[in-house]
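Working notes for the structure below.
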Amino acid sequence: MIERPKKLKIRYLRRITQLIVLVGIILIPIYSQNPMQWSPSRIVLGQLPPPTVFSISGDTWTISFGDFKLMHPLAFIDFLVSTKRFYMPALVAVLIPLLITLVLGRVFCSWLCPVGFILELNQKIHRFLGRFNNVVKFRDLRLTLFLLLLGVGFFFAVPVLSVFDPPHILGREFMYYFTHKQLSITGVAFIVTLIIFEMLFVRRAWCNYLCPSGGGLSLLSWKRLLNIRMNKELCIKCGKCDDACPYYLQPMKLAEGESINWLKCDNCALCRDVCPTSAIDLAFYIDTNKVKKKEE
């Protein structure tokens, strides 16, 4: 086997962006104006908080930098379906994130999601406990749950999708704690249960089978331009890419001219990083053979 020069591992770049987002959702509530400072008793006493020249607020669902706002594509859909009205500022706020999703794919899941980052690290504990080889597969319910939650939101006029989005839950909990010194039992229980379940039983169960946000982003990014590409001449069929894939997509199939379930690929590039011959890389191209393949 001829070893090719090592490329910079994309995993390190992903870790940097994931850490920035995680630190950001912790620091934003601290930086934001504490609403407790606006308590009636302090206002009566004339103890008004100092005005801020520049404000930043929000989390991965919606975030504002002064007057500049960004909205998660699914936050926009959730808002549109539940309110049944079109709001131009929301459309403007979603344009950049939507364009990124359409071109680069489901990179929010692999590059920005703080809960996904935690669950990736959780795999190391899973491996330490000796359960890494116990692969348990379930039916992929992500898209079903996504459509179900949108349906509930439509009929009850409530943005339900945001309630079950772990990154948004994590952001809310940090906001509640730093502004009101409180935590919601349901939010904390949801995150902790998720971590423990994946640690002891099924690795990446949420991202693989249950995340409604992941299901929605998969639909939006199905025809993305950035994809993993296999150089068939360099592939030595070692299977390392199959072992590294957190979604069990078996990218080595690409060397045989077969397809994979592109709806689940989030361009994490772990398969690229472990390839000893650099046969796999990320590239901009349109795959006309993309089809949704059922789980085996």
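The opening position of the sequence shown corresponds to residue 119 in my numbering, with each subsequent residue numbered one higher.
By construction, the Cβ of each residue, glycine as well, lies at the ideal position given by its N, Cα and C atoms.
Quick one: is residue i buried, meaning 16 or more other Cβ sit within 10 Å of its Cβ, or exposed?
i, result
"F246", "exposed"
"M206", "exposed"
"L312", "buried"
"T304", "exposed"
"D185", "exposed"
Roughly how many angstroms lie between the CA atoms of residue i and residue j, to the nearest whole one?
i, j, result
"V483", "D196", "The requested residue 483 does not occur in the structure, where the chain is confined to residues 119 to 414."
"A193", "K299", "26 Å"
"Y294", "N379", "39 Å"
"P191", "D177", "14 Å"
"R262", "G333", "It is Thr, not Arg, that sits at residue 262 in the sequence shown. Cα-Cα distance, rounded: 8 Å."
"L267", "V306", "21 Å"
"C231", "K350", "32 Å"
"C386", "L198", "29 Å"
"K371", "I218", "27 Å"
"R129", "F274", "41 Å"
"W179", "A401", "28 Å"
"S200", "G269", "9 Å"
"A373", "F296", "50 Å"
"V139", "K202", "31 Å"
Below 7 Å, is the gap between the Cβ of residue i and the nearest heavy atom of the ligand GDP?
i, result
"R133", "For the ligand GDP, the structure offers nothing, since it holds no ligand at all."
How about residue i and residue j: do their beta carbons lie closer than 8 Å?
i, j, result
"L237", "C329", "no"
"I144", "F292", "yes"
"R257", "S336", "no"
"Y381", "W340", "It is worth fixing the name first, because residue 381 is Leu in this sequence and not Tyr. Yes, Cβ-Cβ distance for L381 and W340 is below 8 Å."
"S173", "I146", "no"
"L188", "I214", "yes"
"L343", "I243", "no"
Would you list the one or two residues that DSSP bridges to residue i?
i, result
"A401", "N345"
"T180", "M189"
"S228", "According to DSSP, S228 bridges with nothing at all."
Hey, is the stretch 264-279 in contact with the stretch 345-357, meaning 3+ C-beta pairs nearer than 8 Å?
Contact fails: fewer than three Cβ-Cβ distances are below 8 Å.
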